[in-house]
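In this note's numbering, the protein residues as written are 2 to 346.
All residues carry an ideal CB built from backbone N, CA and C; glycine is no exception.
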Ligand SMILES: Nc1ncnc2c1ncn2[C@@H]1O[C@H](COP(=O)(O)OP(=O)(O)O)[C@@H](O)[C@H]1O
Ligand SMILES: [Mg+2]
């Protein structure tokens, strides 16, 4: 196991039904999900999934409804037992954990954030957020202090004594996030956590998650069926179709090199200039001719999306766009040719 990976998924299969094991061979020999259901009355949940999730990265799992996203994320904390395969977390196969160790693992190493919030309705925000610490028998004052910290971090200070039904959906999901973080898990499992929210609130939550993640650096597994959300959040994106992995890669890979028709369909309507950042597509100096290097350059930040500077490029026609890192030094370059190639594809 590479020490950089938090999670390694190997040859994972899940077939729902009374006698799934003999059916793995059939799936491997090309039997489709529809055929499996029709001829054998079993449901193909996951087929031969391999995935490495680096420590502290944000992994998105994307796919249409029924593609196996929830099934996959529930294998990570073994809420679902696979038909076969390995689920390694920190170098240990969670399938080999004893019942006690598994409970311990779920309680201390992972936290889930659900689409429907799953808050306790008769408990206040503070009680909901501190519930996990209460279960862990934390000193009540310490539990409250930690919980208030997270309530503050998700922007809910002043609402700690409210009840869930007194809050909007977006605020309830902030409670869900605070509750998950209060347990200080290494791994955050988010199953369509933002999918039920209105677009503007959803965008807020995405921004909160990114901001928290840049500081906390958890390993996050985030499920969505929305490509824009996937591209915005994911360091890496895995795309599932009928239980199989169609493609896996970063935003640039998925957007510019879709491998299958299914992925192509997903990406065809995406506005690339709104998603791709300068640092995603920049070239290094060896790819740039001397002439361009010596010409008139314009500076952009690595984190700027193309949309933010493309108008200026069109108007000012710099010979070269210089991409700056956080400390203000050049980390790469963009030629006009490169930019138009990216936007044309
Ligand atoms: N307990 C179950 N029994 C039988 N089939 C199931 C069960 N859970 C999920 N499935 C099926 O497995 C497939 C993947 O489901 P799911 O992981 O929930 O998809 P997603 O989260 O991508 O919408 C679907 O066809 C679903 O009907
Ligand atoms: Mg689901």
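For ligand 1, any of its heavy atoms closer than 7 Å to the Cβ of residue i?
i: residue 99; result: no
i: residue 155; result: no
i: residue 1; result: Outside the shown range of the chain (2 to 346) lies residue 1, about which nothing can therefore be said.
i: residue 48; result: no
i: residue 86; result: no
i: residue 28; result: no
i: residue 106; result: no
i: residue 44; result: yes
i: residue 348; result: Not covered by the structure: residue 348. The range shown for the chain is 2 to 346.
i: residue 31; result: no
i: residue 133; result: no
i: residue 177; result: no
i: residue 333; result: no
i: residue 92; result: no
i: residue 170; result: no
i: residue 64; result: yes
Using the Cα positions of residue i and residue j, report the straight-line distance between them to the nearest angstrom.
i: residue 309; j: residue 165; result: 38 Å
i: residue 31; j: residue 38; result: 14 Å
i: residue 125; j: residue 101; result: 30 Å
i: residue 156; j: residue 175; result: 8 Å
i: residue 72; j: residue 132; result: 26 Å
i: residue 24; j: residue 194; result: 33 Å
i: residue 335; j: residue 298; result: 10 Å
i: residue 141; j: residue 17; result: 43 Å
i: residue 105; j: residue 186; result: 12 Å
i: residue 148; j: residue 136; result: 13 Å
i: residue 129; j: residue 60; result: 27 Å
i: residue 342; j: residue 180; result: 45 Å
i: residue 262; j: residue 251; result: 18 Å
i: residue 154; j: residue 228; result: 27 Å
i: residue 319; j: residue 296; result: 8 Å
i: residue 256; j: residue 340; result: 14 Å
i: residue 246; j: residue 95; result: 21 Å
i: residue 314; j: residue 201; result: 29 Å
i: residue 110; j: residue 7; result: 11 Å
i: residue 238; j: residue 218; result: 17 Å
i: residue 41; j: residue 220; result: 38 Å
i: residue 163; j: residue 196; result: 24 Å
i: residue 158; j: residue 333; result: 41 Å
i: residue 145; j: residue 282; result: 45 Å
i: residue 331; j: residue 254; result: 23 Å
i: residue 150; j: residue 294; result: 49 Å
i: residue 286; j: residue 58; result: 28 Å
i: residue 327; j: residue 67; result: 41 Å
i: residue 122; j: residue 22; result: 41 Å
What I want to know is whether the C-beta of residue i ends up closer than 7 Å to one or more non-hydrogen atoms of ligand 2.
i: residue 243; result: no
i: residue 215; result: no
i: residue 192; result: yes
i: residue 71; result: yes
Who are the Cβ neighbours of residue i in its own chain at under 6 Å, not counting the five residues just before and after it?
i: residue 279; result: 301, 303, 305, 324
i: residue 170; result: 198
i: residue 13; result: 47, 50, 83, 86
i: residue 184; result: 112, 133
i: residue 213; result: none
If you drop the 5 nearest sequence neighbours on each side, which residues of the same chain put their C-beta closer than 7 Å to that of residue i?
i: residue 74; result: 62, 190, 192, 222, 224
i: residue 368; result: This structure does not reach residue 368, given that the chain is present from 2 up to 346, and the question cannot be answered.
i: residue 64; result: 70, 226, 240, 241, 242
i: residue 2; result: Low confidence applies to residue 2: its pLDDT is 49, below 50, so where it sits in the model is not reliable enough to give any reading.
i: residue 5; result: 55, 56
i: residue 81; result: 15, 72, 75
i: residue 211; result: 234
i: residue 338; result: none
i: residue 364; result: Nothing about residue 364 can be read from this structure; the chain reaches only from 2 to 346.
Among residues of its own chain, excluding the 5 on either side of residue i, which ones have a beta-carbon nearer than 8 Å to its beta-carbon?
i: residue 259; result: 248, 265, 267, 268
i: residue 344; result: 273, 274, 307, 311
i: residue 177; result: 114, 115, 118, 119, 120, 194
i: residue 173; result: 118, 120, 165
i: residue 289; result: 321, 334, 336
Closer than 8 Å, CB to CB, is residue i near chain C or not?
i: residue 51; result: In the displayed structure, chain C is absent; only one protein chain is listed.
Does the segment 203-214 come within contact of the segment 40-54, defined as at least 3 CB pairs closer than 8 Å?
no
Can at least three beta-carbon pairs, one atom from the segment 19-36 and one from the segment 221-235, be found at a separation below 8 Å?
no
Any alpha helix (DSSP H) of 4 or more consecutive residues that is wholly inside the segment 34-113:
34-41, 70-77, 100-110
Taking only runs of the alpha helix (DSSP H) that begin and end inside the segment 229-258, which ones reach a length of at least 4 residues, in chain order?
252-257
Can you check the segment 137-176 for any alpha helix (DSSP H) of at least 4 residues that lies completely inside it and give the ranges in chain order?
141-154
What residue ranges within the segment 260-328 form continuous alpha helix (DSSP H) runs of no fewer than 4 residues, ordered along the chain?
262-268, 273-276, 279-282, 291-294, 307-317
What ranges does the alpha helix (DSSP H) occupy inside the segment 178-221, keeping only unbroken runs of at least 4 residues that lie completely in it?
200-217
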